[in-house]
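Visitor: Structure incoming, see below.
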């Protein structure tokens with residue numbers, strides 16, 4: 005049942021994205037998760053508590069978030085699946101947890117801005133995708149940031165929710181999304197969040213581990229059927245560079261994308277005015293261009309098509325064998 009639900013969810017998301025009527029009705033699930041996290045963070049992560057206590061309260065925050073989201077998703081899924089056509093409703097809700105269309109749209113917007121509107125618009129567009137400082141990025145910096153975000157978010161925003169939906173249905177994907185949201189809000193290496201966000205960051209690393217490797221393999225497979233891309237070099241870049249990334253997971257899809265397109269991605273970058281050192285993924289050009297963003301998007305579309313095709317075939321096979 006979970007595989008069939010996943011197949012339906014990815015197809016709905018590809019065809020219609022997030023339905024506007026649903027967005028108006030319930031907003032986005034991530035918004036509700038974010039509000040819950042923000043309330044607890046404001047209440048518990050204050051200067052009056054010591055580091056150990058704040059770390060413990062961060063653990064409690066993540067535990068409560070996961071427990072509430074998983075329970076709510078399980079109740080909703082079971083309630084829907086006993087109804088006629090309830091699978092469609094569950095598929096629609098599941099589709100809101102996957103970001104195939106929106107990721108493509110946001111990255112394509114960066115390429116459009118570089119081509120038609122200038123560097124300021126491009127910096128603004130890419131700032132919606134990355135957390136690094138973008139105000140001083142040149143064209144190459146903007147292009148590289150967009151491509152890195154595309155690779156990492158293919159893993160985090162597409163492959164991971166699909167993986168966890170296959171494993172545990174709507175509760176699996178919703179729980180993953182809750183952990184990912186917590187990490188994006190409080191899992192930062194900063195004085196304010198380092199203790200309180202410790203649990204969110206470590207748990208996010210854990211739940212993204214399988215998806216990051218799968219995403220890299222999908223990009224390599226897509227490179228094999230994409231003109232101008234190199235699957236062998238993508239494989240070599242993953243084996244050589246991925247483990248040197250400051251993230252235990254992001255290096256895998258980024259290295260695969262870099263190798264496939266003969267680029268160098270990642271490397272040193274600034275966050276909040278602080279330069280963070282990091283290894284380069286790939287040993288190709290650092291001077292990425294708008295055409296490289298377009299090439300990365302083409303690679304992404306094929307990698308996503310392989311993923312969707314695999315999920316549909318898996319669902320069909322399970323239905324066929326009863």
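Residue numbers (my numbering): 5 to 326. All C-beta atoms in this analysis are idealised placements derived from N, C-alpha and C, irrespective of residue type, glycine included. A quick note: this is a predicted structure, and the numbers were derived from the prediction, not measured.
Residue 224 to residue 260, Cα distance in whole Å?
Guide: Counted from its first residue, the chain shown places residue 224 at position 220. Counted from its first residue, the chain shown places residue 260 at position 256. Using only the alpha carbons, I get a separation of about 6 Å.
Visitor: Based on Cα-Cα distance, which residue from 80, 312, 123, 201 lies nearest to residue 219?
Guide: Residue 219 sits at position 215 when you count from the first residue of the chain shown. Looking at the Cα atoms, 312 is the closest of the given residues.
Visitor: Buried or exposed for residue 50, please, with buried defined as at least 16 other CB atoms from any protein chain shown within 10 angstroms of its CB.
Guide: Within the chain shown, numbered from 1, the residue matching residue 50 stands at position 46. Exposed, because fewer than 16 other Cβ atoms sit within 10 Å of the Cβ of residue 50.
Visitor: If the criterion is Cβ atoms closer than 9 Å, does the pair residue 185 and residue 168 meet it?
Guide: Residue numbering aside, residue 185 sits at position 181 when the chain shown is read from its first letter. Residue numbering aside, residue 168 sits at position 164 when the chain shown is read from its first letter. No, the pair does not count as a contact, with Cβ atoms beyond the cut-off.
Visitor: Report the start-end ranges of each alpha helix (DSSP H) in the region 25-55 that is 4 residues or longer and not cut off at the edges.
Guide: 33-48, all fully within the region 25-55.
Visitor: When you compare the CB positions of residue 129 and residue 117, do they come within less than 9 Å of one another, or not?
Guide: For the purposes of this step, residue 129 is identified with residue 125 of the chain shown, where counting begins at 1. For the purposes of this step, residue 117 is identified with residue 113 of the chain shown, where counting begins at 1. Yes; because the gap between Cβ atoms is below 9 Å, this pair is in contact.
Visitor: Alpha carbons only, please: which of 267, 281, 210, 97 is nearest the one belonging to residue 17?
Guide: Position 13 of the chain shown, counting from 1, holds the residue named residue 17. It is 97.
Visitor: With residue 211 as the anchor, note down where its alpha helix (DSSP H) starts and where it stops.
Guide: Numbered from its first residue, the chain shown carries residue 211 at position 207. Segment 202-228, the alpha helix (DSSP H) holding residue 211.
Visitor: Once DSSP output is grouped into helix, strand and coil, what is the label at residue 278?
Guide: Your numbering for residue 278 matches position 274 in the chain shown. Note: residue 278 maps to strand in three-state DSSP.
Visitor: Which partner residues of residue 285 appear in the DSSP bridge assignment?
Guide: For the purposes of this step, residue 285 is taken as the residue at position 281 of the chain shown. Paired residues: 269.
Visitor: Which first and last residues belong to the alpha helix (DSSP H) in which residue 120 is found?
Guide: Translated into the one-based positions of the chain shown, residue 120 becomes position 116. Where residue 120 is concerned, the enclosing alpha helix (DSSP H) stretches over 104-120.
Visitor: Taking its Cβ as the centre, do 16 or more other Cβ atoms sit within 10 Å of residue 68, making it buried, or is it exposed?
Guide: The residue labelled residue 68 in the question sits at position 64 within the chain shown. Residue 68 should be labelled exposed.
Visitor: With burial defined as no fewer than 16 other Cβ atoms inside 10 Å of the residue's Cβ, what is the status of residue 272: buried or exposed?
Guide: Against the chain shown, residue 272 aligns to sequence position 268. That one is exposed.
Visitor: Would you list, in sequence order, the uninterrupted alpha helix (DSSP H) runs of no fewer than 4 residues that lie entirely inside the region 122-186?
Guide: List check, alpha helix (DSSP H) in window: 123-131, 143-157.
Visitor: Would you say the region 81-88 touches the region 146-162, given that touching needs at least three Cβ pairs under 8 Å?
Guide: Cβ pair count under 8 Å is below three, so no.
Visitor: Return yes when the Cβ of residue 144 is within less than 9 Å of the Cβ of residue 300, no when it is not.
Guide: Here the question's residue 300 lines up with position 296 in the chain shown. Here the question's residue 144 lines up with position 140 in the chain shown. Not in contact: residue 300 and residue 144 (Cβ atoms no closer than 9 Å).
Visitor: Taking buried to mean at least 16 other C-beta atoms within 10 Å of its own C-beta, is residue 279 buried or exposed?
Guide: Position 275 of the chain shown, counted from the start, is the residue given in the question as residue 279. So residue 279 counts as exposed.
Visitor: List the whole-angstrom C-beta distance separating residue 328 from residue 155, where the pair is believed to meet the contact cut-off of C-beta under 8 Å.
Guide: Since the first residue of the chain shown is 5 and the last is 326, residue 328 is not available in this structure.
Visitor: What residue from 74, 211, 111, 166 has the CA that sits closest to residue 153's CA?
Guide: Numbered from its first residue, the chain shown carries residue 153 at position 149. Of the candidates 74, 211, 111, 166, the one whose C-alpha sits nearest the C-alpha of residue 153 is 111.
Visitor: What are the boundary residues of the alpha helix (DSSP H) that residue 91 is part of?
Guide: Residue numbering aside, residue 91 sits at position 87 when the chain shown is read from its first letter. Unbroken alpha helix (DSSP H) run through residue 91: 90-99.
Visitor: Using the C-alpha atoms, what's the distance from residue 71 back to residue 7?
Guide: Residue numbering aside, residue 7 sits at position 3 when the chain shown is read from its first letter. Residue numbering aside, residue 71 sits at position 67 when the chain shown is read from its first letter. Answer to the nearest angstrom: the Cα atoms are 23 Å apart.
Visitor: State buried or exposed for residue 120, treating a residue as buried only when at least 16 other CB atoms are found within 10 Å of its CB.
Guide: The residue given as residue 120 occupies position 116 in the chain shown. That one is exposed.
Visitor: State the Cα-Cα distance for the pair residue 139 and residue 171, rounded to the nearest angstrom.
Guide: Stepping through the chain shown from its first residue, residue 139 is reached at position 135. Stepping through the chain shown from its first residue, residue 171 is reached at position 167. If I take the Cα positions, the gap works out to 41 Å.
Visitor: In chain order, what residues of the same chain lie with their CB nearer than 6 Å to the CB of residue 48, ignoring the 5 residues before and after it?
Guide: Within the chain shown, the letter at position 44 stands for residue 48. Answer for residue 48: 61, listed in chain order.
Visitor: State the DSSP-derived secondary structure class of residue 236, mapped to helix, strand or coil.
Guide: By 1-based counting over the chain shown, the position of residue 236 is 232. Residue 236: helix per DSSP, three-state reduction.
Visitor: For residue 165 versus residue 78, is the C-beta spacing smaller than 9 Å?
Guide: Sequence index remark: in the chain shown, residue 165 carries index 161 (1-based). Sequence index remark: in the chain shown, residue 78 carries index 74 (1-based). Not closer than 9 Å, so no.
Visitor: In chain order, what residues of the same chain have a beta carbon less than 7 Å from the beta carbon of residue 306, not counting five sequence neighbours either side?
Guide: For the purposes of this step, residue 306 is taken as residue 302 along the chain shown, with counting starting at 1. Result list for residue 306: 226, 229, 230, in chain order.
Visitor: Does DSSP classify residue 59 as helix, strand or coil?
Guide: What you label residue 59 is simply residue 55 of the chain shown in a count that begins at 1. Here residue 59 sits in helix by DSSP.
Visitor: Buried or exposed for residue 257, going by 16 or more other Cβ atoms inside 10 Å?
Guide: Sequence index remark: in the chain shown, residue 257 carries index 253 (1-based). Per the 10 Å Cβ criterion, buried.
Visitor: Helix or strand or just coil, what does DSSP make of residue 191?
Guide: Translated into the one-based positions of the chain shown, residue 191 becomes position 187. Residue 191: coil per DSSP, three-state reduction.
Visitor: Could you say which of 193, 192, 296, 204 lies nearest to residue 181 if we only look at CA atoms?
Guide: For this step, residue 181 is matched to residue 177 along the chain shown. It is 204.
Visitor: Just confirm the distance between the C-beta atoms of residue 270 and residue 284, as a whole number of angstroms; I'd bet it's less than 8 Å.
Guide: As a first step, residue 270 is located in the chain shown; it is residue number 266 there, counting from the start. As a first step, residue 284 is located in the chain shown; it is residue number 280 there, counting from the start. So it is a contact: roughly 6 Å between Cβ atoms.
Visitor: Using 9 Å as the threshold, is the C-beta distance between residue 328 and residue 287 below it?
Guide: Since the displayed the chain opens at 5 and closes at 326, residue 328 lies outside it and no answer follows.
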